[in-house]
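Engineer: Shown below is the structure under consideration.
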Amino acid sequence: MKAGFVNIFGKPNAGKSTLLNALMGEKMAIVSHKVQTTRHRIKAILNNDNYQIIFSDTPGIIEPKYKLHEKMMQAVKGSLEDADIGLLIADARESVNESHEIFTALKLKAPAILILNKSDAVRDENTIRDAKEFYEKQPYCIEVIVISALHKTGTDYLLERILHYLPEGHPFYEGDDLSDMPTKFFVGELIREKIFQLYQEELPYHSAVLVQEYKEKITLVKISADIIVQRETQKGIILGEGGNMIKKLGTLARQDIEQFLDRKVFLELFVKVRPRWRDNETHLKEYGY
Ligand code: GDP
Ligand code: MG
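Numbering (my numbering), first residue to last: 1 to 289.
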């Protein structure tokens, strides 16, 4: 039996969430073309008779500009310390410089596999070969694997290699729960994902989602969630002309939640104004950051 912790690192948009989803075979972490949608340390557990792998997808590496960001950075640090294996993921389309700098600065103690992702989007094979050769010389990784997380190519081989390095041990979690994060959390993340898709610029970064009610009924799941913003004007934008935007948001989120839960969902959304929630410790705790 093998068991251990595997943590995924990489610049925002490198494909961490997509890789996690590919490895898990289910939509556990959210994926968005906008950066910084993963604020939490998401743990997903891949179970089998022969192994248990506990994955975490860390937030992007960012400046601690707000208290909220500091919390995210703490999550990154926490996961650096308890990993058995690190997965350093780099976008194969980009030059190696920036990722190289970040991976060097991480000073990982655990052995790490470097993953060159998005190989499907690179036409010139020399680009991949050169990047692979470059990373193979670096002290922070033990091997380099080329994949496309989106098309799930190379991901089975990656799993084999993860298992190769994973220590022998007993499972850390019992039962076949796929995740130790409550369903409520994922529901909140799916709503947040839609906020990122529907609204412009800064607004998504100034809002939070708090799932207030989650009730399993016979025919459906009833969910109520608050969208927390900082200003009345932001509330107006979230609601839209005659409530048209929040209606759209509700529909899109409900469809995704229904797919995730595989159940019919009744979703209620409320918009609440809480000035300065980003700087307030109690609020941050309340919202789970
Ligand atoms: P994260 O910020 O590192 O978690 O990155 P995401 O997983 O959210 O992915 C960022 C974007 O890159 C999304 O639009 C993904 O669809 C895209 N992406 C991820 N993996 C691949 C891949 O293997 N090939 C291509 N072409 N796009 C990918
Ligand atoms: Mg992500």
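Ideal placement from N, C-alpha and C gives every residue a C-beta, glycine not left out.
Any idea what DSSP makes of Ile238, helix, strand or coil?
Structural biologist: Taking the sequence shown and counting its residues from 1, one reaches residue 238 at position 238. Helix, per DSSP.
Engineer: Between Ile45 and Phe5, is the Cβ-Cβ spacing less than 8 angstroms?
Structural biologist: Within the sequence shown, the letter at position 45 stands for residue 45. Within the sequence shown, the letter at position 5 stands for residue 5. No, Cβ-Cβ distance for Ile45 and Phe5 is not below 8 angstroms.
Engineer: Pull up the distance between the alpha-carbon of Ala3 and that of Asn97, whole angstroms please.
Structural biologist: Looking up residue 3 in the sequence shown gives position 3. Looking up residue 97 in the sequence shown gives position 97. Distance between the alpha carbons of Ala3 and Asn97: 33 angstroms.
Engineer: Specify the secondary structure class of Glu202 as computed by DSSP and reduced to three states.
Structural biologist: Position 202 of the sequence shown, counting from 1, holds the residue named residue 202. Glu202 falls in the coil class under three-state DSSP.
Engineer: Three-state secondary structure (DSSP) at Glu258?
Structural biologist: Mapped onto the sequence shown, residue 258 falls at position 258. Reduced to three states, the DSSP call for Glu258 is helix.
Engineer: State the Cα-Cα distance for the pair Asn13 and Ile113, rounded to the nearest angstrom.
Structural biologist: Position 13 of the sequence shown holds residue 13. Position 113 of the sequence shown holds residue 113. The alpha-carbon atoms of Asn13 and Ile113 are separated by roughly 18 angstroms.
Engineer: On the premise that Ile115 lies in contact with Leu159, defined as a C-beta separation below 8 angstroms, what is that separation, rounded to the nearest angstrom?
Structural biologist: Position 159 of the sequence shown, counted from the start, is the residue given in the question as residue 159. Position 115 of the sequence shown, counted from the start, is the residue given in the question as residue 115. About 12 angstroms separates the two Cβ atoms, so there is no contact after all.
Engineer: Thinking Ile227 and Val271 are a contact (beta carbons under 8 angstroms), I'd like their distance in whole angstroms, please.
Structural biologist: By 1-based counting over the sequence shown, the position of residue 227 is 227. By 1-based counting over the sequence shown, the position of residue 271 is 271. Yes, they are in contact, since the Cβ atoms of Ile227 and Val271 sit about 5 angstroms apart, within 8 angstroms.
Engineer: In whole angstroms, what is the alpha-carbon distance linking Val144 and Arg129?
Structural biologist: Mapped onto the sequence shown, residue 144 falls at position 144. Mapped onto the sequence shown, residue 129 falls at position 129. The alpha-carbon atoms of Val144 and Arg129 are separated by roughly 11 angstroms.
Engineer: Tell me which residues share the same chain as Leu163 and place their Cβ nearer than 7 angstroms to its Cβ, disregarding the 5 neighbours each side in the sequence.
Structural biologist: In the sequence shown, counting from the first residue as 1, residue 163 sits at position 163. Around Leu163: Lys2 and Tyr51.
Engineer: Could you tell me the boundaries of the alpha helix (DSSP H) in which Ile147 lies?
Structural biologist: As a working mapping, residue 147 is identified with position 147 in the sequence shown. It is not in any alpha helix (DSSP H) - Ile147 carries neither H nor E in the DSSP assignment.
Engineer: Restricting to Cα atoms, I'd like to know which of Leu88, Asp156 and Val122 is closest to Tyr140.
Structural biologist: Within the sequence shown, numbered from 1, the residue matching residue 140 stands at position 140. Of Leu88, Asp156 and Val122, the residue nearest in Cα terms is Leu88.
Engineer: With distances taken from CA atoms, which of Phe172, Gln259, Ala131 and Gly236 is nearest Tyr199?
Structural biologist: By 1-based counting over the sequence shown, the position of residue 199 is 199. Out of Phe172, Gln259, Ala131 and Gly236, Gly236 has the C-alpha closest to the C-alpha of Tyr199.
Engineer: Let me check you understand the geometry: is the CB of Lys16 closer than 7 angstroms to at least one non-hydrogen atom of the ligand GDP?
Structural biologist: On the sequence shown, position 16 is the one that residue 16 refers to. Correct: Lys16 has its Cβ closer than 7 angstroms to the ligand GDP.
Engineer: Work out the CA separation of Lys194 and Glu201 for me, nearest whole Å.
Structural biologist: The sequence position of residue 201 within the sequence shown is 201, counting from 1. The sequence position of residue 194 within the sequence shown is 194, counting from 1. Their backbone Cα atoms lie some 14 angstroms apart in a straight line.
Engineer: Going by C-alpha distance, which of Leu19, Asp256, Asn47 and Glu136 is nearest Phe172?
Structural biologist: Residue numbering aside, residue 172 sits at position 172 when the sequence shown is read from its first letter. Phe172 has its Cα closest to that of Asn47, out of Leu19, Asp256, Asn47 and Glu136.
Engineer: Within the continuous alpha helix (DSSP H) that includes Ala22, where are the two ends?
Structural biologist: Numbered from 1 along the sequence shown, position 22 holds the residue referred to as residue 22. Per DSSP, Ala22 belongs to the alpha helix (DSSP H) from Lys16 to Met24.
Engineer: Using a 10 Å radius around the Cβ and a threshold of 16 neighbouring Cβ atoms, would you call Gln234 buried or exposed?
Structural biologist: Residue numbering aside, residue 234 sits at position 234 when the sequence shown is read from its first letter. Result: buried.
Engineer: Could you pull the start and end residues of the beta strand (DSSP E) that Ser224 belongs to?
Structural biologist: Indexing the sequence shown from 1 puts residue 224 at position 224. Run containing Ser224: Val221 to Val229, per the beta strand (DSSP E) assignment.
Engineer: DSSP has Gln52 in a bridge; who is on the other side?
Structural biologist: In the sequence shown, counting from the first residue as 1, residue 52 sits at position 52. Looking at the DSSP assignment, Gln52 forms a beta bridge with Ala3 and Asn47.
Engineer: Where does Ile113 sit, in a helix, a strand or coil, going by DSSP?
Structural biologist: Here residue 113 refers to the residue found at position 113 of the sequence shown. Ile113: strand per DSSP, three-state reduction.
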